[in-house]
Each structure stands twice: as C-alpha cells, then as structure tokens.
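With this note's numbering applied, the sequence shown covers 153 to 404. C-beta: ideal position from N, C-alpha, C; glycine also. Right, one structure below, let's go through it.
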Amino acid sequence: NLEGKYPYGTEPRDVYRRHERCRCETELSRNGKRENVWSKITYKDTHRAEILERINNIANADKNTNTIELPSDVKNTFLSFEQRYGKSKTEHGAVIYNGTQFDSNTKSRNHVTMPSAAKNSGASTIHNHPISSPPSHLDVLNQEMYANTYSRVVDMDGNRYTLYNPSFKQKKREECEFFLAYAEHIENEEKRLDEERIAFRNSLTDYPKEERAQRYSDFINSRDGELYNSMNKWLQDNADKFGWKYQKERIR
C-alpha cells in the first residue's frame with residue numbers, strides 16, 4: 153500500500169505505476185496548487201473536494217440502482233449463453249422469441265450478426281463482448297428500434313449488463329431518443345478524451361525522447377477504460393429517464 157504523502161524526490165518509484173483497473177490519484181502539491189501527474193491538470197487546493205467527489209462518482213459507477221427480473225425462459229437462455237461464451241474471444245449472439253432460442257451463425261472479433269428473430273417486437277437478445285465494455289450505442293439502437301424487451305451483454309472480465317425496454321413499438325432510427333442521447337454522450341466523451349490526449353502529448357515537448365515516450369505511454373494506460381466507465385455511468389444515471397432499466401452485475 154503506497155497511499156500517503158512524500159516529500160518530492162523521496163517518493164517510491166512505484167507510486168508512478170498503474171495497476172489493473174487503477175483509480176489511484178498521484179499529485180504533486182506546490183505553491184498552493186496540485187498537479188495530477190498523469191493528466192497534467194492543475195487546480196487549486198480549494199477545488200480538491202470537488203475533484204474527490206468526481207472521483208468517488210466514478211468509483212461508485214458499478215453500484216446497481218435497478219434490479220431487472222427476467223422471465224424464466226429468457227433467464228435460462230441468458231445463463232446458458234453466459235456459461236458457453238462468457239470468456240470467448242469472438243462475439244456470439246442468441247435471441248429468445250416466443251419461447252424459442254435462435255443462435256447466430258456469423259461471428260468475428262468485434263461483430264456478430266444476430267438472427268432475424270431479433271427484429272421482432274418483444275424478442276430478447278444476448279451477445280458477448282471480448283473486451284470489458286458495456287452495451288454500445290448500436291446495441292441500444294437495435295433494442296430500441298426493434299422493440300426488444302430484454303438485452304444483455306456479457307464481457308470476458310466477468311461483467312453482465314442488462315437493459316429492459318418497456319416499449320413494444322418499433323421505431324425508425326431518428327425516433328430512437330434513448331439511442332440518440334447515448335450516442336451523443338459517447339461522441340462527446342471521445343472528443344474530450346482525444347483533446348486531453350493531444351494536450352498532454354503537446355506538453356511533453358521539453359522532455360528527452362525516451363522519457364517523453366514513457367510518460368505518454370503511462371498517460372494512455374491510465375486512461376484505459378475511462379470511456380467504458382463513463383458509458384456505464386451514463387446508462388445508470390439516464391436509463392430511467394427514458395423509461396428503461398439498466399443493471400450491471402459481476403458474475404465471476
């Protein structure tokens with residue numbers, strides 16, 4: 153445990169290392185200001201409470217605010233699929249409609265073509281993500297557009313993400329309000345992260361080449377998963393505003 157305060161120059165080298173799913177903050181304090189050593193963002197000590205609140209919000213993003221109860225046939229299909237494909241390195245999918253299960257025939261590293269039964273109102277779908285990520289904006293689009301009741305994504309890190317859509321009305325793409333809002337959030341987050349990445353890279357011009365490369369690599373690694381955390385939190389904070397339910401769970 154490296155938590156603590158150290159006079160500059162006496163700190164252990166490991167305080168600058170990131171670990172898996174790291175949310176640690178390493179800061180340099182001087183002249184009444186604090187600088188985050190990863191993002192290079194500087195703020196006054198008086199803003200620290202606000203920063204800590206934001207960090208705690210991210211840390212608590214996995215907490216469930218909704219419990220989604222599945223019909224027995226959907227639940228059994230989903231559980232069987234999780235056991236079979238939860239750790240797969242390629243995407244697979246299945247649909248349950250009117251008590252019948254339909255499995256996908258095509259699969260790849262980052263895409264699966266769902267059976268045509270997924271285009272029926274009231275159908276429920278499940279597929280896996282070979283990375284640790286929540287439902288994408290296209291996952292939400294398909295569920296809203298085809299009025300699928302339940303959808304679930306399982307990832308290879310042992311997370312399951314379930315969405316419940318109460319509507320049986322199919323929609324055109326431009327009518328899918330939940331999808332449009334979610335897609336806008338993702339676009340804004342990607343833009344923000346890209347701007348911060350460019351700003352950090354430009355701030356390294358005075359460092360020697362090798363140190364510059366290492367600092368940039370450390371910065372990129374520290375941001376790994378930030379977009380997915382933001383997507384998960386947005387779904388948790390906003391699903392009920394559109395009449396939906398969203399739940400993230402750890403299954404292993």
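Under the three-state DSSP convention, the category V264 falls into: Three-state result, V264: strand.
In whole angstroms, what separates the C-alpha of S240 from that of Y158? Rounded to whole angstroms, S240 to Y158 spans 44 Å at the Cα level.
State yes or no: is the C-beta of I130 within less than 8 Å of the C-beta of G245? Because the chain here runs from 153 to 404, residue 130 falls outside it and cannot be looked at.
Within 10 angstroms of its Cβ, does K215 collect 16 or more other Cβ (buried), or is it exposed? Annotation note: pLDDT 48 at K215 (below 50); position unreliable, no value reported.
Leaving out the 5 sequence neighbours to the left and right, which residues in its chain are closer than 8 Å to G310 when beta-carbon positions are compared? Cβ within range, chain order: G238, R402, I403 and R404.
Taking a contact to mean a Cβ-Cβ separation below 8 Å, would you say R304 touches F230 in this structure? In this structure, R304 lies near F230, with their beta-carbon atoms less than 8 Å apart.
Going by C-alpha to C-alpha distance, which of K343, L293, A351 and V306 sits closest to R325? Minimum Cα distance to R325 is reached at L293.
In chain order, what residues of the same chain have a beta carbon less than 6 Å from the beta carbon of G251, not counting five sequence neighbours either side? Leaving aside the five residues that flank G251 on each side, the residues in its chain whose CB is nearer than 6 Å to its CB run, in chain order, D225.
Could you tell me the boundaries of the beta strand (DSSP E) in which Q253 lies? Note, Q253: beta strand (DSSP E), T252 to D255.
Along the chain, where does the beta strand (DSSP E) containing H281 start, and where does it finish? Per DSSP, H281 belongs to the beta strand (DSSP E) from S276 to H281.
Is Q366 helix, strand or coil when you go by DSSP? Correct three-state label for Q366: helix.
What are the start and end residues of the beta strand (DSSP E) that includes E163? Counted as a single uninterrupted DSSP element, the stretch harbouring E163 is not any beta strand (DSSP E), since DSSP gives it neither H nor E.
Alpha carbon to alpha carbon, what distance is there between Q295 and R375? So the alpha carbons of these two residues sit roughly 29 Å apart.
Where does S232 land, buried or exposed, given buried means 16+ other C-beta within 10 angstroms? S232 counts as exposed, since fewer than 16 other beta carbons sit within 10 angstroms of its beta carbon.
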